[in-house]
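The sequence shown lines up with residues 190 to 477 when you count with this note's numbering. Written out below as structure tokens is the structure these notes cover.
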Amino acid sequence: MGFGQHQTFYLRQQWLTKGLIEVEKNHRFFYDPEHFEILGVGKNMAKSIRYWLNATQLTEDKKSTKTEVVMTDLAKLIFQYDPYVKTRYTLYILHYLLVTEKNEASAWYWFFNIFNERVFTKQLLLEKLEQWVKENFEKEVSINSLKRDVDCLIQLYTAKEYSNQTPEDVIKSPFESLGLVHQTTGSYYVKSESAYNLMANILYITLLKYSEKHNKKEVSLNDLINGEELWGKVFNLNRDTIVEYLDEVRKYYPIIFTRTNRLDVIRLNTEQSWLEEMKVAYENEVFK
């Protein structure tokens with residue numbers, strides 16, 4: 190499990206790019222005593238950058254005689270086509286990887302895959318998260334760590350009020366643009382559906398990723414709607430929206446959607462990997 194490892198800092202714009210630039214040059218970069226000065230941040234913020242690189246599966250620790258931090262194949266692909274991580278396309282993929290990473294980002298996994306309330310407060314989040322941790326983990330997690338995760342999660346996804354701030358004061362999270370969490374009135378927040386013109390491709394690629402991770406070629410429609418790490422949970426989509434997207438996905442990608450009286454099944458009819466499909470999308474769709 191992974192709680193409170195972000196040093197209270199939510200992901201900032203350019204952090205992933207800054208980190209990848211240095212990791213590409215030096216796999217031992219984060220062990221350099223001056224690495225935080227090179228990044229232009231404090232020590233704790235540098236730790237946070239390393240955390241977010243790992244949590245979004247852009248880097249991984251490789252252990253031999255000395256531990257190295259290396260770019261994943263995903264990071265190399267993004268570095269080639271979207272080095273500044275500017276497109277919502279890339280951010281949706283990174284969002285999926287973050288919230289399906291149970292070990293590195295346990296609170297994020299819980300919020301999108303387990304927590305079922307659509308409207309909530311921070312206090313409700315904290316209470317439900319604490320309950321889930323007690324029921325599912327033997328090791329005790331401090332309430333302060335959980336509170337920091339709740340605060341960070343909200344800051345990561347919720348658009349902030351910038352009207353009375355100077356540009357220098359604006360500290361945006363790249364995930365704000367996804368519109369997955371909104372603040373309503375007072376202390377209330379709401380989960381919101383994903384909406385994006387390339388959503389069908391995002392859904393197809395994440396289904397490929399899910400298939401590879403869990404060694405499954407088939408999922409039921411109910412799984413897509415209610416299953417952990419799948420469309421309904423990760424992207425806040427309801428049944429009707431998922432069925433609409435399925436019709437669109439079927440037009441362009443090799444999936445078979447079989448509807449019966451007893452069970453509606455989606456089968457992947459391809460051997461292409463999720464990274465191969467993502468590369469095709471970058472080359473043909475994303476930057477048009």
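Don't be surprised by glycine CBs; every beta carbon is placed ideally from N, CA and C. Treat the numbers as computed from the prediction; the structure is a model and nothing was measured.
By the criterion of a C-beta distance shorter than 7 Å, I360 is surrounded in its chain by R201, once the five residues flanking it on both sides are discounted. Using a Cβ distance threshold of 8 Å, L318 and V339 count as a contacting pair.
Counting other Cβ atoms within 10 Å of its Cβ, D250 stays below 16 and is therefore classed as exposed. Cβ-Cβ distances below 8 Å link I394 to I282, W463, E466, M467, A470 in the same chain, with the five nearest sequence neighbours on each side left out; the list follows chain order. For A384, the closest alpha carbon among the candidates G421, Y399, Y220 is that of G421. Taking C-beta atoms as the reference points, L457 and F446 fail to come closer than 8 Å.
K232 is positioned such that its CB atom lies no closer than 8 Å to that of R307. Proximity to E418 across R337, L335, L397, F192 peaks at L397, based on C-alpha coordinates. In the three-state reduction of the DSSP assignment, V212 falls in the helix class. Every beta strand (DSSP E) of 3 residues or more that sits fully in the stretch 328-401 is shown, in chain order, as 370-372, 377-380.
DSSP, read as helix, strand or coil, puts D436 in helix. Contact between T245 and L209 does not hold, since their C-beta atoms are separated by about 11 Å, which reaches or exceeds 8 Å. Taking 8 Å as the cut-off, the Cβ atoms of T248 and M234 do not count as close. DSSP places K311 inside the alpha helix (DSSP H), whose first and last residues are 311-325. A residue is called buried when at least 16 other Cβ atoms come within 10 angstroms of its Cβ; N243 meets this threshold and is buried. Look at E257 here: in three-state DSSP terms it is strand. Per DSSP, the continuous alpha helix (DSSP H) segment holding E226 begins and ends at 224-228. Rounded to the nearest whole angstrom, the C-alpha separation of A294 and Y441 is 33 Å. Using a Cβ distance threshold of 8 Å, Y278 and L387 count as a contacting pair. E382 is a Cβ neighbour of T430, given a cutoff of 8 Å.
Taking the Cα positions, F326 is about 15 Å away from G193.
Judged by their CB atoms, K336 and L313 are not nearer to each other than the 8 Å cut-off. Only residues of its own chain outside the window of five on either side were considered, and among them Q203, T206 have a CB closer than 8 Å to the CB of Y273, listed in chain order. Distance check between E437 and each of I267, V423, I391, I238 places I391 closest, using alpha-carbon atoms only. Residues of the same chain with a CB within less than 7 Å of the CB of W299, apart from the 5 flanking positions on each side, are L318, W321 in chain order. Non-local C-beta neighbours of I303 in its own chain, meaning closer than 7 Å and more than five positions away in sequence, comprise W321, ordered along the chain. S462 carries a coil assignment under DSSP once its states are collapsed to helix, strand and coil. The criterion of a C-beta distance shorter than 8 Å is not satisfied by V454 and F301.
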